[in-house]
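The opening position of the sequence shown corresponds to residue 48 in my numbering, with each subsequent residue numbered one higher. From the three backbone atoms N, C-alpha and C, an ideal C-beta is built for every residue, glycine too. All of these numbers come straight from a predicted model, not from anything done at the bench. The structure appears right after this line, and notes come after that.
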Amino acid sequence: MSDSANATARIPSGRLSLAASSERIALGPLDGRYSGAVAPLVDYLSEAALNRDRVGVEVEWFIHLTSNNVLPGTEPLTAEQQAGLRSIVTEFDAASVAELAAIEKVTVHDVKAVEYFIGNRLGALGLERLKPLVHFGCTSEDINNLSYAVGVKGAVEDVWLPAARELVAKIAAMAEENRAVPMLSRTHGQPATPTTLGKELAVTAHRLGRQLDRVAKTEFLGKINGATGTYAAHYASVPEADWQDVAKSFVEALGLTWNPLTTQIESHDWQAELYADMARFNRILHNLCTDVWSYISIGYFAQIPVPGATGSSTMPHKVNPIRFENAEANLELSNALLDTLGATLVTSRWQRDLTDSSSQRNIGVAFGHSILAINNVLGGLGRLDTAEAVLADDLDHNWEVLAEAIQMVMRAEAIAGVEGMEDPYERLKDLTRGHRVDADRMQEFVSGLGLSAGAQERLLALTPGKYIGIAESLVDHLNK
Ligand SMILES: O=C(O)C[C@H](Nc1ncnc2c1ncn2[C@@H]1O[C@H](COP(=O)(O)O)[C@@H](O)[C@H]1O)C(=O)O
Numbered sequence: 048m049s050d051s052a053n054a055t056a057r058i059p060s061g062r063l064s065l066a067a068s069s070e071r072i073a074l075g076p077l078d079g080r081y082s083g084a085v086a087p088l089v090d091y092l093s094e095a096a097l098n099r100d101r102v103g104v105e106v107e108w109f110i111h112l113t114s115n116n117v118l119p120g121t122e123p124l125t126a127e128q129q130a131g132l133r134s135i136v137t138e139f140d141a142a143s144v145a146e147l148a149a150i151e152k153v154t155v156h157d158v159k160a161v162e163y164f165i166g167n168r169l170g171a172l173g174l175e176r177l178k179p180l181v182h183f184g185c186t187s188e189d190i191n192n193l194s195y196a197v198g199v200k201g202a203v204e205d206v207w208l209p210a211a212r213e214l215v216a217k218i219a220a221m222a223e224e225n226r227a228v229p230m231l232s233r234t235h236g237q238p239a240t241p242t243t244l245g246k247e248l249a250v251t252a253h254r255l256g257r258q259l260d261r262v263a264k265t266e267f268l269g270k271i272n273g274a275t276g277t278y279a280a281h282y283a284s285v286p287e288a289d290w291q292d293v294a295k296s297f298v299e300a301l302g303l304t305w306n307p308l309t310t311q312i313e314s315h316d317w318q319a320e321l322y323a324d325m326a327r328f329n330r331i332l333h334n335l336c337t338d339v340w341s342y343i344s345i346g347y348f349a350q351i352p353v354p355g356a357t358g359s360s361t362m363p364h365k366v367n368p369i370r371f372e373n374a375e376a377n378l379e380l381s382n383a384l385l386d387t388l389g390a391t392l393v394t395s396r397w398q399r400d401l402t403d404s405s406s407q408r409n410i411g412v413a414f415g416h417s418i419l420a421i422n423n424v425l426g427g428l429g430r431l432d433t434a435e436a437v438l439a440d441d442l443d444h445n446w447e448v449l450a451e452a453i454q455m456v457m458r459a460e461a462i463a464g465v466e467g468m469e470d471p472y473e474r475l476k477d478l479t480r481g482h483r484v485d486a487d488r489m490q491e492f493v494s495g496l497g498l499s500a501g502a503q504e505r506l507l508a509l510t511p512g513k514y515i516g517i518a519e520s521l522v523d524h525l526n527k
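Spelled out as structure tokens, the structure:
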């Protein structure tokens with residue numbers, strides 16, 4: 048061997064050539080390979096959206112104060128002036144982002160930068176005199192909490208909930224289609240009293256739907272009460288105004304619920320409540336992913352191959368359940384963030400510390416991983432076919448699951464006065480525990496019990512596939 052053939056393999060080091068690309072190369076996958084899937088969230092939970100909403104809150108506060116003549120020396124703005132102010136929000140674009148960033152470089156304070164950004168535009172609207180009214184009485188958190196509440200509310204109501212509801216509708220439709228398809232249960236992973244595939248899917252749809260109903264009832268709280276929640280600056284400067292009323296009507300006009308009692312910060316309890324509900328939804332969905340993955344593994348579901356796609360790079364036969372595996376990982380990541388946000392946002396030292404500022408910047412990431420997972424589960428479910436023959440075959444190899452039915456019939460017979468029904472559980476245990484019992488052996492056993500004619504007929508007609516109780520009709524609960 049030559050020296051060069053002996054050399055240890057090493058990947059040549061190199062630097063990504065950023066100069067060659069006009070696009071920034073993303074560090075994280077949500078802004079890289081998955082950016083398309085999470086794009087609808089960008090308008091609500093990106094930093095640019097937060098800044099646009101901050102501008103929006105400041106502008107609306109300005110209009111609210113003037114429209115209600117809260118301060119002496121102000122009067123309602125003209126319709127043109129109001130429209131001009133609002134166009135700062137509707138025309139917020141990449142140039143605005145860059146301008147804000149440049150101002151923030153000097154202020155080293157993101158919300159102060161927003162105040163200056165708006166102040167710079169007042170002259171053109173003939174409002175230079177009212178510059179001091181921008182951010183009047185406000186601490187930054189007054190602007191931040193309302194902006195986050197508006198952003199999160201929009202993300203929940205316009206993006207996350209509709210996607211989650213679509214997924215639950217898909218699971219419910221599958222429950223309906225498979226309502227009468229018998230399936231062997233596996234409690235503890237061992238053969239157990241059969242059910243139907245549809246009823247099991249209905250359980251998941253029902254669970255997920257309950258969490259969505261909770262999310263839909265979220266109270267998005269907001270406050271605008273000054274540096275320590277006392278309206279001190281407000282009353283010092285304008286004693287004659289009813290500031291609580293001004294604040295309440297403003298918060299409510301934004302579509303939020305007014306929080307009357309806070310420190311400097313809105314306490315974020317509503318966020319913790321929401322993220323706990325979302326995380327619970329994610330966990331239930333994770334449970335569906337692992338169950339469906341397992342059903343695929345034992346052949347209960349066949350995966351419809353995607354034309355042109357590859358399963359394994361080396362095993363040509365494979366169709367892998369990658370959508371469910373991707374979803375599992377993203378649900379775990381989403382929950383790690385949702386749990387952290389829920390646990391940490393509810394504490395703030397004394398009247399405020401700034402930890403919430405840094406952690407809330409990741410709300411969009413938590414939502415993004417969840418949305419990505421929801422999309423993947425939806426796509427994965429759409430490529431499944433129920434393999435009814437495999438399900439039926441499994442049931443046919445597990446006749447011992449009828450032991451429960453037989454011993455219960457014997458108990459009922461004993462109570463009804465039929466002779467010879469002693470020790471039903473123990474006799475069935477002797478027959479079935481730890482061994483396989485086929486249809487012939489089971490029916491021979493039933494025929495030898497001395498049951499009443501009706502009971503014997505009922506049991507002889509029973510097969511594992513028919514021992515499903517009212518599983519099929521339980522699916523109807525989804526529509527109640
Ligand atoms: O109205 C105020 O600002 C009152 C002030 N409290 C603050 N409230 C809200 N934001 C503040 C506060 N302090 C700093 N900052 C600015 O927050 C930004 C934090 O940036 P990052 O750590 O990236 O999340 C970053 O831009 C910080 O400059 C107080 O002294 O109580």
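Fully contained in the stretch 273-298 is no beta strand (DSSP E) run of length 3 or more. In this structure, the alpha-carbon of G131 lies about 7 Å from that of L172. Its Cα nearest to that of N377, the residue A84 stands out among A142, R57, P59 and A84. Shown here, L509 sits in coil according to DSSP, grouped into three states, outside any helix or strand. Following the DSSP letters along the chain, one finds R233 in no alpha helix (DSSP H) but inside the beta strand (DSSP E) bounded by residues P229 to T234. Just measuring C-alpha positions, the residue of W290, G103 and T394 sitting nearest A196 is G103.
In terms of side-chain proximity, the C-beta atom of R408 is found nearer than 7 Å to a non-hydrogen atom of ligand 1. The beta carbons of P229 and P241 sit about 6 Å from each other, so the pair counts as a contact at 8 Å. DSSP places W340 in the helix class (H, G or I) of the three-state scheme. Taken in chain order, the complete beta strand (DSSP E) segments of 3 or more residues contained in the stretch 61-98 number zero; there are none. DSSP places Q454 within a helical segment (H, G or I) once states are collapsed to three. Judged by the Cβ position, H156 qualifies as a neighbour of ligand 1 at the 7 Å threshold, a heavy atom of the ligand being closer than this. In the same chain as A211, and ignoring 5 residues on each side of it, the C-beta atoms closer than 7 Å to its own belong to L259, F328 and I421, in chain order. As computed with DSSP, A349 is found in a beta bridge with D432. Less than 8 Å separates the beta-carbon of A452 from that of L509.
Take the alpha-carbon of E375 and the one of P354: they are about 24 Å apart. The stretch 216-231 makes contact with the stretch 437-445; the number of CB pairs closer than 8 Å reaches 3 or more. Check the Cα spacing between I110 and each of E122, A145, G273 and D403: the tightest is with E122. Boundaries of the alpha helix (DSSP H) harbouring T137: A126 to T137, taken from the DSSP string. Counting the other Cβ atoms within 10 Å of the Cβ of G61 gives fewer than 16, which makes it exposed. Burial state of G495 is exposed, judged by a 10 Å Cβ sphere holding fewer than 16 other Cβ atoms.
The C-alpha of L388 is placed about 36 Å away from the C-alpha of L244. Within 10 angstroms of the beta-carbon of S381 lie 16 or more other beta-carbons, which makes it buried. Contact check for L255 and Y322: beta-carbon distance about 16 Å, past the 8 Å limit, so the pair fails to qualify. Within the stretch 209-265, the runs of alpha helix (DSSP H) that reach at least 4 residues and sit entirely inside it are, in chain order, 244-263.
Counting of Cβ neighbours within 10 angstroms places N445 among the buried residues, the total reaching 16 or more. Under the three-state reduction of DSSP, L335 is assigned to helix.
Contact between T275 and Q407 is ruled out by a C-beta separation of about 20 Å, above the 8 Å threshold.
In the structure shown, the three-state DSSP call for W397 is coil. At a Cβ-Cβ threshold of 8 Å, G269 and V298 count as neighbours.
Scanning its chain for C-beta atoms nearer than 7 Å, with the 5 sequence neighbours on each side dropped, one finds around E175 the residues L169, in chain order. Of all alpha-carbon atoms in N526, L112, E466 and P511, the one lying nearest the alpha-carbon of V285 is that of L112. Taking C-alpha positions only, A463 is separated from A220 by approximately 43 Å. When rounded, the separation of the alpha-carbon atoms in V181 and E379 is 42 Å.
Sorting F164, L177, I135 and L124 by C-alpha distance to the C-alpha of A148 places F164 at the top. For a cut-off of 8 Å, the C-beta gap from V424 to K246 is around 19 Å, too long to register as a contact.
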